[in-house]
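K.L.:
One structure coming up, written as structure tokens, with questions to follow.
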Ligand code: ADP
Ligand code: ASP
Ligand code: MG
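Numbering (my numbering), first residue to last: 2 to 412.
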């Protein structure tokens with residue numbers, strides 16, 4: 002008997018009819034002879050609505066209470082799905098993250114899973130139940146509820162698949178799988194049959210929200226193969242697996258597998274920094290200390306023993322960064338701190354880059370032909386990212402998608 006983990010995102014459990022549809026898919030999976038664990042997210046926009054509600058109460062909510070609040074969203078879905086399955090005369094039991102043995106570190110709002118203790122899940126599976134687990138939530142060693150960061154139900158599903166050595170891990174959403182770019186933005190986007198963990202990690206880290214980055218890190222670490230697919234169709238989705246397996250089986254590899262965009266970035270520039278050792282260490286050390294994640298960094302050449310440093314951070318960390326930089330600027334006698342919110346990051350990703358030269362040149366040429374100015378560039382072995390004007394982002398995605406031959410018509 003195979004053990005299958007099925008995860009359904011918020012769009013798949015957004016209303017009663019969708020929950021009934023999910024119930025029938027889960028029951029069908031069990032009826033063909035599988036043991037089934039289901040992980041669900043909060044219905045529709047519940048998590049966003051809860052966040053908004055908290056922000057109406059206070060601009061500085063306690064992280065512990067925030068997790069207490071956000072965890073309620075997933076509890077709506079687990080109980081309703083259990084009722085829907087039960088009304089089909091199939092045995093099902095819902096469990097919170099803590100009941101399911103999902104144990105995390107102490108940090109709130111973005112906790113890391115430390116261990117899955119699957120004892121209870123196993124007991125109920127052996128009693129022939131479908132086990133429904135609330136995604137996105139865990140229990141820390143203080144006995145408090147924690148949450149796993151936005152999109153964290155993906156992580157719950159992968160951690161359970163790893164912890165119980167499941168035969169498959171299926172992550173369902175409202176699209177057919179991982180596409181060459183966001184199919185909601187580019188109609189011509191093509192579904193990918195296979196993608197390596199590293200490509201998916203870079204795509205998720207560059208703004209493709211279809212799967213949570215950390216869930217892919219865990220999947221790679223424990224060798225959990227993910228099947229990303231659509232709740233509302235029976236189509237084969239995308240298999241996310243090791244590069245080794247993709248190459249061994251000579252599956253289709255493209256020079257560029259995906260293009261991702263991220264409007265959630267903001268650029269800071271410190272003007273006229275002293276060109277002496279220790280300045281960059283001071284700035285980025287201080288930001289790291291208060292938990293700010295810096296993405297791209299560039300430093301200009303020194304003129305008259307002064308230079309400029311620009312870097313990007315996530316938009317939701319803008320205020321915190323600004324306050325810290327104002328202090329640092331006074332200490333370092335910086336002449337100005339600039340903040341530009343109207344930027345976006347465009348990234349191209351593909352393992353094909355490892356063995357092909359000229360990919361960056363081609364990207365820059367496409368952007369230049371489209372009249373788009375590049376403000377910053379960063380590269381990794383399988384990714385090139387550029388910061389551009391936010392206004393140009395849709396055009397940039399479309400032109401790069403076309404230019405690298407990714408659209409359905411160019412297959
Ligand atoms: P869920 O609510 O099921 O967790 P998400 O909203 O987190 O679903 O992820 C699915 C969405 O991800 C899609 O609706 C799509 O717009 C978006 N998306 C962004 N980039 C991509 C991509 N490259 N491939 C597929 N979907 C993408
Ligand atoms: N409900 C959480 C969120 O909206 C977790 C998830 O959907 O995976 O981020
Ligand atoms: Mg999601």
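Glycine residues also receive a C-beta, built at the ideal position from the N, C-alpha and C atoms.
Look at the alpha carbon of residue 39 and the alpha carbon of residue 131, and state the distance between them as a whole number of angstroms.
P.N.:
For residue 39 and residue 131, the distance between alpha carbons rounds to 7 Å.
K.L.:
Please confirm if the segment 383–399 is in contact with the segment 338–346, defined as three or more CB-CB distances below 8 Å between the two stretches.
P.N.:
As far as the Cβ criterion goes, the segment 383–399 touches the segment 338–346, which means the pair count is three or higher.
K.L.:
According to DSSP, simplified to helix, strand and coil, what is residue 199?
P.N.:
In this structure, residue 199 counts as helix in the three-state DSSP scheme.
K.L.:
What residue range does the alpha helix (DSSP H) around residue 323 cover?
P.N.:
Where residue 323 is concerned, the enclosing alpha helix (DSSP H) stretches over 319–333.
K.L.:
In or out: residue 204 buried (at least 16 other Cβ within 10 Å) or exposed?
P.N.:
Buried, by the Cβ-count rule.
K.L.:
Just to confirm the assignment, what range does the alpha helix (DSSP H) spanning residue 56 have?
P.N.:
That run of the alpha helix (DSSP H) goes 47–58.
K.L.:
To the nearest angstrom, report how far apart residue 320 and residue 268 are at their CA atoms.
P.N.:
So the two alpha carbons sit approximately 12 Å from each other.
K.L.:
Please tell me whether residue 98 and residue 134 are closer than 9 Å, where the distance is taken between their beta carbons.
P.N.:
Result yes, Cβ atoms of residue 98 and residue 134 sit closer than 9 Å.
K.L.:
Taking Cβ positions, are residue 172 and residue 183 nearer each other than 9 Å?
P.N.:
Cβ distance not < 9 Å, so residue 172 and residue 183 don't count as in contact.
K.L.:
Looking at the strands, I want to know which residues DSSP matches up with residue 337.
P.N.:
According to DSSP, residue 337 bridges with 272.
K.L.:
Starting from residue 228, trace the beta strand (DSSP E) in both directions and tell me its first and last residue.
P.N.:
Run containing residue 228: 227–231, per the beta strand (DSSP E) assignment.
K.L.:
What residue does the beta strand (DSSP E) around residue 296 start on, and which one ends it?
P.N.:
Per DSSP, residue 296 belongs to the beta strand (DSSP E) from 295–300.
K.L.:
So which of 219, 372, 116 and 24 has the shortest CA-CA distance to residue 94?
P.N.:
Of the candidates 219, 372, 116 and 24, the one whose C-alpha sits nearest the C-alpha of residue 94 is 24.
K.L.:
Output the distance between the C-alpha atoms of residue 88 and residue 81, rounded to the nearest integer angstrom.
P.N.:
For residue 88 and residue 81, the distance between alpha carbons rounds to 11 Å.
K.L.:
Indicate the three-state DSSP secondary structure (helix, strand or coil) for residue 35 in the structure shown.
P.N.:
Of the three classes helix, strand and coil, the one that applies to residue 35 here is strand, per DSSP.
K.L.:
Can you tell which of 211, 70, 265 and 405 has the C-alpha that lies nearest to the C-alpha of residue 9?
P.N.:
Per the Cα distances, 211.
K.L.:
Shortest alpha-carbon distance to residue 382 belongs to which of 350, 405, 403 and 366?
P.N.:
Out of 350, 405, 403 and 366, 350 has the C-alpha closest to the C-alpha of residue 382.
K.L.:
Compare the Cα-Cα distances from residue 67 to each of 6, 147 and 27 and report the closest residue.
P.N.:
Looking at the Cα atoms, 147 is the closest of the given residues.
K.L.:
In whole angstroms, what separates the C-alpha of residue 175 from that of residue 234?
P.N.:
Cα to Cα, residue 175 sits roughly 9 Å from residue 234.
K.L.:
Over the uninterrupted beta strand (DSSP E) stretch that includes residue 365, give me the two end residues.
P.N.:
Premise fails: residue 365 lies in the alpha helix (DSSP H), 360–370, not in any beta strand (DSSP E).
K.L.:
Decide if the segment 72–81 is in contact with the segment 38–57; the criterion is three or more beta carbon pairs, one per stretch, under 8 Å apart.
P.N.:
Touching, yes.
K.L.:
Using a Cβ-Cβ cutoff of less than 6 Å, which residues in the same chain neighbour residue 318 once the five nearest sequence positions on both sides are dropped?
P.N.:
Closer than 6 Å at Cβ, skipping near neighbours: 293.
K.L.:
I need the boundaries of the beta strand (DSSP E) containing residue 69, first residue and last residue.
P.N.:
Where residue 69 is concerned, there is no enclosing beta strand (DSSP E), although the alpha helix (DSSP H) it sits in stretches over 64–87.
K.L.:
Counting only the same chain and skipping the five closest in sequence on each side, list residues whose C-beta sits under 7 Å from that of residue 201.
P.N.:
Around residue 201: 179, 212, 217 and 241.
K.L.:
Tell me whether the beta-carbon of residue 407 lies closer than 9 Å to the beta-carbon of residue 191.
P.N.:
Yes, they are a contact pair.
K.L.:
For residue 237 and residue 229, I'd like the C-alpha separation in whole angstroms.
P.N.:
Between residue 237 and residue 229, the C-alpha separation is close to 9 Å.
K.L.:
Nearest CA to the CA of residue 338: which residue from 246, 275, 283 and 310?
P.N.:
Answer by Cα proximity: 310.
K.L.:
In the segment 118–193, which residue ranges form an unbroken alpha helix (DSSP H) of at least 4 residues, counting only runs that do not cross its ends?
P.N.:
Runs found: 120–127 and 154–164.
K.L.:
In chain order, what residues of the same chain have a beta carbon less than 6 Å from the beta carbon of residue 322, not counting five sequence neighbours either side?
P.N.:
Answer for residue 322: 293 and 314, listed in chain order.
K.L.:
Anything with a beta carbon under 5 Å from a heavy atom of ligand 3 counts; list them all in chain order.
P.N.:
Qualifying residues come out as 10 and 152.
K.L.:
Run through the DSSP bridge pairs and tell me what residue 309 is partnered with.
P.N.:
Its beta-bridge partners do not exist; DSSP assigns none.
K.L.:
With C-beta atoms as the reference, is residue 262 less than 9 Å away from residue 394?
P.N.:
For residue 262 and residue 394, yes; Cβs fall inside 9 Å.
K.L.:
Ordered along the chain, which non-local residues of its own chain (more than five positions away) have a Cβ less than 7 Å from that of residue 115?
P.N.:
These residues qualify, in order along the chain: 104, 105 and 106.
K.L.:
Enumerate in chain order the residues of its own chain whose CB-to-CB distance from residue 276 is below 8 Å, with the five nearest sequence positions on each side excluded.
P.N.:
Hits under 8 Å: 303, 306, 307 and 308.
K.L.:
Please classify residue 206 as buried or exposed, where buried requires at least 16 other C-beta atoms within 10 Å of its C-beta.
P.N.:
Answer is buried; the Cβ neighbour count reaches 16.
K.L.:
Just curious, the beta strand (DSSP E) that residue 284 is in, first and last residue?
P.N.:
Taken as a continuous stretch (DSSP letters only), residue 284 belongs to no beta strand (DSSP E), being part of the alpha helix (DSSP H) at 280–290.
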